[in-house]
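One structure is given below, encoded as structure tokens.
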Amino acid sequence: MKQSVRIHSKRTEMNKLFLIIHTIRHLRPIQIRYQLWYRLRKMWRKASRFTYPLSIKREGTPLKLISWIEKPVSLLNNRFTFLNLSKRSAFDTINWNETEHGKLWAYNLNYMDYLLQPGMDTETGLQLIESFIQNLHQNSEGLDPYPIALRGINWIKFLSRTSLQGGETTTRQSPQINASDSSMPGHCEDDEGGRSNLIRLNGCLYAQYLILLDNLEYHLMGNHLLEDAFSLLFGAWYFKEKRFWAKAKRLLIQELKEQVLSDGAHFELSPMYHQILLDRLLDCINLMQNNTCFDGQDKLLALLRHKAEQMLAWLNTITLSDGRTPLLNDSAPGIAPTTAQLNEYATRLNVGALSKTTNDSIRTTDHYSLTTSGYRRFDGKNYECILDIGPVGPSYQPGHAHADTFNFILNINHQPFLIDTGISTYDSNDTRLKERGTAAHNTVTVNKHNSSKVWSSFRVAQRANVEIIKEEKNEVTAAHDGFKSFGISHQRSWLFNAQTISIEDVLTGRQTKGTAYFHFSPDLNPTKTNNEVLINDSRLSFEGAETISLIKAQLPDGYNRLVNYYKLEIVFQNKLTTIIETKE
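Just so we're aligned, residue 2 is where the sequence shown starts under the numbering used here, counting upward by one.
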């Protein structure tokens, strides 16, 4: 018995090592270098009892900004609500390291988006900032670089709006400290001789920006590093700080060229993160168009505008006629600004979407080919269908990617029909793995294995390689090797006509039994009869199915919330043909 346990333990360790190797091999050298450097530096600083000063005297300059997109209401009657979970707290007793609802909830608390929610008054906002400052010395979550970056922009927007509107900027005073203690950890500069509390707020904000500058997220890259750069740009303007400007400019030029693909998609391929980052990009355009501060800013502004135009064009292509974006990869409803809000904001800034022909997006009568992001859109007489035939990406930061190769979503008569199931958590658990897994998408599994090896919360080891075999006006055929460990290749073809879609799945190799999954909108009540499934006036029929199971299950309805729905599981050998008939 003990020997079998030891053997199992060794196998588990070997499997974990195998996953790590196949994950690390895709990382960039800079990520590995900074992973090692930040870990070693943390150990040295702990041994030497190093701490950052939490206040450094610096004047801030209010910024002129046109109206931005307000944040969703997350604070009401002393109740904070993030990710569909709530916690009541008086402002003077807020636990900024709250762990009851997980790390992501604590991060949201520390972003302080609620400063920019509708109806937030100056006095309440300043009380919240005061509470944060008073507890900063014991705040571990809020001093991570990502929350600093997001909170920095929120503070600057709030303080600029308050100042320009002539709002009150003084609140109750904190106990004074000696001048010699003004930069000690755990203290923020207090007023001397009754100076405005704004000086204290600016001192703490400036100190946080120096922490951010010292902890830029090179070890992660992707949207985290881009958010760092956006925030440094705001910090540069607000504090007239050349160091922030130089770093922000270099990072933005580098990362926008890298992260915004030629078809306009953000390279992490999540519509939700695309919307979040486009909102931030428009904020930076708002900043630079309405405030002059540094030489050479016009050149950077031109780049920002061009990238925003590309991103807006991609977003408008991927957005369905009901105004919603598909929940591809890590996406959840109610988190990001809507496509309509982003278009309205862009219009206020005189930013327009590039035409699809100049945005590396090929349009025919009913076919949009978003080439570099791997998505395709086909519009029939009464349906809209989006396919995913791209690789897992980006290769060095697939944290928000799913094992969803050949997934597709379908709207019929402007309503969701076949959907991506979305996500409910970022916690490292079985739910997270299930929601990233192949079976949670409208595609095919073999032996219940994923097409790409997702593991942990944000890791991917082996990835499916995709080959596009044929692409025409109304037809796409592609193959992937995500099941090569079983000696199997999966090929899927879509044929689009005015009111019908034909899908052909072919498995070739040693064993050729697979399972196809179809996930219906929670608003639908399908019924199964023999080899057909009926939903309202639409019908799915199958040729080559060994078994067809209509299963009632649950899927995410945003973070930490589930809803009942129906899914299909079809077991087949070698080949499965699916016909979807849509009717008006």
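No residue lacks a Cβ here, since even glycine has one placed at the ideal position from N, Cα and C.
- In this structure, F231 and C285 form a Cβ contact; the two beta carbons are roughly 6 angstroms apart against a cut-off of 8 angstroms.
- In this structure, I134 sits near C205, with a CB-CB distance shorter than 8 angstroms.
- In the assembly as shown, S87 is an exposed residue. Its beta-carbon has fewer than 16 other beta-carbons within 10 Å.
- Across the set S453, L419, R378, T478, the C-alpha of S453 shows the shortest separation from the C-alpha of L20.
- Residue environment analysis places D122 among the exposed positions, since fewer than 16 neighbouring C-beta atoms fall within 10 angstroms of its C-beta.
- DSSP places S232 in the helix class (H, G or I) of the three-state scheme.
- In this structure, S332 keeps its C-beta atom at 8 angstroms or more from the C-beta atom of G223.
- With 16 or more neighbouring CB atoms inside 10 Å of its own CB, L151 falls in the buried class.
- The beta-carbon separation of Q118 and F92, rounded to 15 angstroms, does not stay under the 8 angstroms limit for a contact.
- Taken in chain order, the complete beta strand (DSSP E) segments of 3 or more residues contained in the segment 386-449 are 409-413, 416-419.
- When secondary structure is reduced to three states using DSSP, P338 falls in the coil class, being assigned neither helix nor strand.
- Inclusion of L329 and S263 in the CB contact set at 8 angstroms is not warranted, their separation being larger than that value.
- Spatial neighbours of H401 in its own chain (CB-CB distance under 6 angstroms, excluding positions within 5 residues in sequence) are listed in chain order as E269, S271, N330, D331.
- Judged by DSSP secondary structure, S539 falls within the beta strand (DSSP E) whose first and last residues are 539-557.
- In the three-state reduction of the DSSP assignment, N575 falls in the strand class, which pools E and B.
- Taken atom to atom, the span from the alpha-carbon of L217 to that of K568 is near 43 angstroms.
- In this structure D389 touches F407 by the C-beta definition: roughly 7 angstroms separates them, less than 8 angstroms.
- Judged by DSSP secondary structure, D145 falls outside any beta strand (DSSP E); it is assigned neither H nor E.
- Using a 10 angstroms sphere on the CB of M273, the tally of other CB atoms reaches 16 or more, which defines it as buried.
- According to the DSSP assignment, Y518 belongs to the beta strand (DSSP E) that extends over 514-520.
- For a cut-off of 8 angstroms, the C-beta gap from H27 to Y397 is around 5 angstroms, short enough to register as a contact.
- Between the C-alpha atoms of L211 and L563 there is a straight-line separation of about 41 angstroms.
- The straight-line gap separating the alpha-carbon atoms of T326 and T340 is approximately 8 angstroms.
- Between the C-alpha atoms of S425 and K435 there is a straight-line separation of about 11 angstroms.
- The beta carbons of Q463 and A480 sit no closer together than 8 angstroms.
- Under the three-state reduction of DSSP, S494 is assigned to strand.
- Our two residues, P334 and L105, have alpha carbons roughly 16 angstroms apart in a direct line.
- Residue S490 holds the alpha-carbon nearest to the alpha-carbon of E468 among T513, N136, R437, S490.
- Under the 10 Å beta carbon count, N351 is surrounded by fewer than 16 other beta carbons and is classified as exposed.
- For E468, the pairing in a beta bridge is given by DSSP as A480.
- Here the alpha carbon of S141 sits roughly 37 angstroms from the alpha carbon of E345.
- Where T125 is concerned, the enclosing alpha helix (DSSP H) starts and stops at 123-135.
- Collapsing the DSSP output to three states places D284 in a helix.
- Residue state for G204 is assigned as helix, using DSSP reduced to three classes.
- Partner residues in a beta bridge of K243, as assigned by DSSP, do not exist.
- In the three-state scheme derived from DSSP, where H, G and I count as helix and E and B as strand, I489 is classed as strand.
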